[in-house]
Amino acid sequence: MNVESLKALFEAIGGDPSDVAETSTIVGVLNAISGVLGGATSATTNAEAIANIAAVASALVPDYEDIDVTPTTSEQEITATSGKTLRKVTVAAVTAAIDDNITAGNIKDGVTILGVTGTYDGT
């Protein structure tokens, strides 16, 4: 870790390069990085500055959630819980259980719908 690479990181995360142009210490640039992230900027040691960055960086990680969806005969809108980010939506397999009318007696003989083979012969 050196001052110039930290200045590049500072700029990459949205910091104004002129804010650290005159900074010649690692702790100075780390304080600037912490400030851009919304953390404390008064650390006096590298370790303290890194701890300040870690404290705010953990809040930047999205709070992911996974959602399992049971299919229905109606359209469903899948949204994340407030403050969370969807990582994965799993939709259960569609089966005859979605509609009580999907029975063998209601399906033409020899035709299979959602795993149910019909027995209706038209009489």
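Quick note: the sequence shown uses the working numbering, first residue 27, plus one each step. Cβ atoms here follow ideal geometry from the backbone N, Cα and C, with glycine treated the same way.
Residue i to residue j span [Cα, whole Å]
i	j	result
A20	T99	Here the chain comprises residues numbered 27 to 149, so residue 20 is not present and cannot be evaluated.
V137	Y146	9 Å
P97	G131	23 Å
V115	P88	16 Å
G141	Q102	23 Å
P43	T49	10 Å
T71	V53	6 Å
D45	K110	33 Å
T143	V117	24 Å
A106	E91	7 Å
7 Å Cβ cutoff met for residue i and residue j
i	j	result
V55	V95	no
A75	A83	no
I93	I79	no
Exposure label - residue i; buried when at least 16 CB within 10 Å
i	result
G65	buried
I39	exposed
L32	buried
I133	buried
N57	buried
Opposing strand residues paired with residue i [DSSP bridges]
i	result
E91	L112
V142	I139
K134	Y146
V117	V95
Distance cut-off 6 Å: residue i Cβ against heavy atoms of the ligand MN
i	result
V62	Judged by which ligands are present, the structure shown has none, so any question about the ligand MN falls away.
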